[in-house]
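Undergrad: I'd like to ask you about the structure that follows.
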């Protein structure tokens, strides 16, 4: 009870020193209109007096005591910005660091290996080099290119290159995977002399093979050889 009385007394003294305007909701029904008008007039006089004292400067150009009190009171009432980080920012930063530490690094996904690596050392039976098929290609290319050809030393060089490239492309089209194709074409003049064309290779007899064909007339002789070497 004593504490409540002291608090009530302190509030009454505060209202006497610092009068304040009450809103319409806070006014009691016991106050009369005359008392309210008198109190408002008195407070308006106090406010006008303080405003006039603020507006009149001193002769020496310094601020008055009322301005000093108001400025000091205003400086005490306005909160000053605190230096450094606030508690909320520190908590937010800690949570952000925690999320970043828990984040897993992005690792590229590798395909799963379902079996061990296998190495094929030879072709499948249906993919081996077929000499009989290549023999048909050689006869067709030689007959088409040399049927109306007239032998000259210079034209023979160009004709050998053309026939060789055509044979190589046609043999690759037959579908022998992992085979290296070597095409060789020779054209020489026919004067009834004896001639022999031979070749020697180091290869695997189970996978590697060759094909050869000859075109002959009264002017020249053409020999075409194709060697196929399997690469592991």
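In full-length UniProt numbering, the protein residues as written are 1 to 232. Note that CB positions come from ideal geometry on N, CA and C, so glycine has one too.
Three-state secondary structure (DSSP) at residue 154?
TA: The answer is helix: DSSP assigns residue 154 an H, G or I state.
Undergrad: For the alpha helix (DSSP H) that contains residue 102, what are its first and last residues?
TA: Unbroken alpha helix (DSSP H) run through residue 102: 87-102.
Undergrad: On a Cα-Cα basis, can you pick out the residue from 92, 114, 154 that is closest to residue 189?
TA: For residue 189, the nearest C-alpha among the options comes from 154.
Undergrad: Three or more C-beta pairs closer than 8 angstroms, one from the stretch 136-153 and one from the stretch 193-201: is that the case here?
TA: No: the two stretches stay apart, fewer than three of their Cβ pairs being nearer than 8 angstroms.
Undergrad: Measure the alpha-carbon distance for residue 100 versus residue 172 and round it to whole angstroms.
TA: Cα to Cα, the separation comes out at about 58 angstroms.
Undergrad: What's the gap between the Cα of residue 230 and the Cα of residue 179?
TA: Approximately 4 angstroms, taken between the alpha carbons.
Undergrad: Leaving out five residues before and five after residue 206 in sequence, what residues of the same chain have Cβ atoms less than 8 angstroms from its Cβ?
TA: Closer than 8 angstroms at Cβ, skipping near neighbours: 122.
Undergrad: Could you check which residue in 183, 159, 157 has the C-alpha nearest to that of residue 169?
TA: With distances taken between Cα atoms, residue 169 lies closest to 183.
Undergrad: CA-CA distance, residue 214 and residue 223?
TA: Taking the straight line joining both Cα atoms gives about 5 angstroms.
Undergrad: With DSSP as the reference, label residue 187 as helix, strand or coil.
TA: It is a strand residue.
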